[in-house]
Amino acid sequence: MALVHSRGEVPVVKVSGDLDLMSAPMFRGVLGQVVRGQSVPEVVVVDLGGVGFMDSCGVNALIGETRGFVAGGGKVRLVTKASPVVRTLSITGLDKIFEVYPDIGSASCRGVA
Amino acid sequence: MKGRMEDGGPDLHATLDHLPDPFVAVDGEWRFTYVNPAAASILGGGDLVGKLVWDRFPGASGSEFNKKLLSAMETREPFDMLLKPREFGLDTDAWFNLRAYPVPGGLAAIAWDATAAKESEEERDELLRAKTEIARVLQRALLPPSLPSIPGAEVGAKYVAAGEGVEVGGDFYDVFAMEDDGWALVIGDVAGKGPEAASLTSLARHTIRAAAMRVKRPKRVLSTLNDEILRQTGGERLFTAVYGELEPHLGGEGAMELRVACAGHPSPLILRKGGEVERLPETGTILGVLEDPEFSYCEVTVKRGEAVVFYTDGVIEARSEDGSFFGEERLSEVASGCGGLSARDVAARIEAAALDFQNGVARDDIAVLVLRVEA
Numbered sequence: 001m002a003l004v005h006s007r008g009e010v011p012v013v014k015v016s017g018d019l020d021l022m023s024a025p026m027f028r029g030v031l032g033q034v035v036r037g038q039s040v041p042e043v044v045v046v047d048l049g050g051v052g053f054m055d056s057c058g059v060n061a062l063i064g065e066t067r068g069f070v071a072g073g074g075k076v077r078l079v080t081k082a083s084p085v086v087r088t089l090s091i092t093g094l095d096k097i098f099e100v101y102p103d104i105g106s107a108s109c110r111g112v113a
Numbered sequence: 114m115k116g117r118m119e120d121g122g123p124d125l126h127a128t129l130d131h132l133p134d135p136f137v138a139v140d141g142e143w144r145f146t147y148v149n150p151a152a153a154s155i156l157g158g159g160d161l162v163g164k165l166v167w168d169r170f171p172g173a174s175g176s177e178f179n180k181k182l183l184s185a186m187e188t189r190e191p192f193d194m195l196l197k198p199r200e201f202g203l204d205t206d207a208w209f210n211l212r213a214y215p216v217p218g219g220l221a222a223i224a225w226d227a228t229a230a231k232e233s234e235e236e237r238d239e240l241l242r243a244k245t246e247i248a249r250v251l252q253r254a255l256l257p258p259s260l261p262s263i264p265g266a267e268v269g270a271k272y273v274a275a276g277e278g279v280e281v282g283g284d285f286y287d288v289f290a291m292e293d294d295g296w297a298l299v300i301g302d303v304a305g306k307g308p309e310a311a312s313l314t315s316l317a318r319h320t321i322r323a324a325a326m327r328v329k330r331p332k333r334v335l336s337t338l339n340d341e342i343l344r345q346t347g348g349e350r351l352f353t354a355v356y357g358e359l360e361p362h363l364g365g366e367g368a369m370e371l372r373v374a375c376a377g378h379p380s381p382l383i384l385r386k387g388g389e390v391e392r393l394p395e396t397g398t399i400l401g402v403l404e405d406p407e408f409s410y411c412e413v414t415v416k417r418g419e420a421v422v423f424y425t426d427g428v429i430e431a432r433s434e435d436g437s438f439f440g441e442e443r444l445s446e447v448a449s450g451c452g453g454l455s456a457r458d459v460a461a462r463i464e465a466a467a468l469d470f471q472n473g474v475a476r477d478d479i480a481v482l483v484l485r486v487e488a
């Protein structure tokens, strides 16, 4: 399940449940609408706080869908809570590619130009 | 029971007589009480009303159909069944779907031709078989046909494709001799499945082999692989890998040195003597994303009787029915109990544990590659 809301100027894609083979295409679609919409934001927050598990399909969707956005200077910030997702981000090195925050407040406030 | 109802309602008898689908009714003693013309033509004609079902169709006695009918009569529960009347001695090659249901004083049954559906189902099964066979052949081409013999050490591997093996998996491993006496070991995982993932797997395997001969530094081998993946896929495919080079003579007293670089992949485990399990560092970046990724690197001495376990995420992400994960802890426990086993047996035990955990059907590909220095 992926929903979009916003925090101030910053769009937040909130994902819940498992982010895997089944749900990755839907997540990709929602994320794509945000990073390729009419007005492209500077920062997008992907809230993975409600995700219990993320596999390589989820990783693929996250990276694949934000590639153009990041290349164009956009910033993707991830929010994670203690869960196997943190481990997935660390194994794949995604925590080095994206900024990771403990909650939406800090992810959507800090460093927004 | 006479056709036209007294109040001038519909003539149900005539209605049933005109149904193009076979319809019959039997009483509690298994005598036909009604057979419409469509049914009569399939059941072989003649007046069946009053005849005993099992006398008339002895070929159906003892069949699954027979049992279901008896059970429906007993329990008063309807049932559906796909039938081939030829099996009961009737002269037709058609398939029928039959639905039988209890009615006052007996059972009624209606059937409809299911030949077209059955044939397309068979065609689908045949396509699936062909696809599985293609996947199996491709898969075999992506894995080494046999593992080399390394003097002073042994290697063993296990591979299970996800589900029923209809798609080519994205996991692979390889072990090969390098030019000057060393050995290279690699395990990797391409995101996704099917022909596209398979072609990237093939590219990765050959790129690594070529790079291993040319650059001979684990991190540089992975960098070369990253460049090639980016060049070939335009950044549309991700890939994780662990690449290790084994130096048989560097450890002293039969021990060996392994230099390992890791790119976004679960890091290998070292099974020390006495059952202790060590995990190598793993902060490398996944391949196929950044132009200048960072890989973790370490050098580790593997002593006599010790083993290194390379694996893919299909092991730790195996999931039981209640949703819990196999996980790294459980993997360490299983590995810890593998002291003294051959490389092949260690790989087999880990594979079996991950498979058993998910009731024997792999949700994702599972690959395990084990190197063990001879005791």
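Taken in order, these protein sequences are the chains called H and F. Just so we're aligned, residue 1 is where the first sequence starts under my numbering, counting upward by one. Just so we're aligned, residue 114 is where the second sequence starts under my numbering, counting upward by one. Glycine residues also receive a C-beta, built at the ideal position from the N, C-alpha and C atoms. The model shown is predicted, which means the values in this text are computed figures rather than measured ones.
Residue contact check for residue 319 of chain F against chain H: no CB pair falls below 9 Å. Under the three-state reduction of DSSP output, residue 357 of chain F falls in the strand class.
Nearest Cα to residue 315 of chain F within the set F:301, F:272, F:325 and F:328: F:301.
DSSP, read as helix, strand or coil, puts residue 287 of chain F in strand.
For the stretch 287-312 of chain F, the residues whose beta carbon sits under 8 Å from a beta carbon of chain H are, in order, 302, 304 and 305. Close partners of residue 64 of chain H in chain F (Cβ separation under 7 Å): 349.
Look at residue 378 of chain F: its C-beta is under 9 Å from a C-beta on chain H.
Shown here, residue 461 of chain F sits in a helix according to DSSP, grouped into three states.
In this structure, residue 361 of chain F lies away from residue 463 of chain F, with their beta-carbon atoms at least 9 Å apart.
Burial check for residue 127 of chain F: the Cβ neighbour count within 10 Å stays below 16, so the residue is exposed. For residue 426 of chain F, the enclosing alpha helix (DSSP H) covers residues 426-429. For residue 87 of chain H, the closest Cβ of chain F is nearer than 9 Å.
Exposure of residue 469 of chain F is indicated by the presence of fewer than 16 other C-beta atoms within 10 angstroms of its C-beta. In the DSSP assignment, residue 54 of chain H falls within the unbroken beta strand (DSSP E) covering 43-54. Among the CB atoms of chain H, none fall inside 9 Å of the CB of residue 337 of chain F. Scanning F:359, F:451, F:312 and F:343 for the CA closest to the CA of residue 294 of chain F turns up F:359. Counting the other CB atoms within 10 Å of its CB gives residue 162 of chain F a total below 16, which places it among the exposed residues. The straight-line gap separating the alpha-carbon atoms of residue 79 of chain H and residue 5 of chain H is approximately 14 Å.
Residue contact check for residue 92 of chain H against chain F: a CB pair falls below 9 Å.
DSSP, read as helix, strand or coil, puts residue 456 of chain F in helix.
Out of F:401, F:396, F:446 and F:423, the CA that lies nearest to the CA of residue 410 of chain F is found in F:396.
Here the alpha carbon of residue 244 of chain F sits roughly 11 Å from the alpha carbon of residue 277 of chain F. For residue 57 of chain H, the closest Cβ of chain F is nearer than 9 Å.
Fewer than three Cβ pairs drawn from the stretch 363-372 of chain F and the stretch 49-61 of chain H lie within less than 8 Å of each other, which leaves the two stretches out of contact. Between residue 195 of chain F and residue 210 of chain F, the C-beta spacing is below 9 Å. DSSP lists F:373 as the bridge partner or partners of residue 411 of chain F. Judged by DSSP secondary structure, residue 5 of chain H falls outside any alpha helix (DSSP H) and instead within the beta strand (DSSP E) spanning 2-7. Taking a C-beta distance under 9 Å as the contact criterion, residue 399 of chain F and residue 377 of chain F qualify as a contact pair. Taking 9 Å as the cut-off, the beta carbon of residue 83 of chain H is found no closer than this to the beta carbon of residue 46 of chain H. Under a 10 Å Cβ-count criterion, residue 338 of chain F is classified as buried, with 16 or more other Cβ atoms of the shown protein chains found around its own Cβ.
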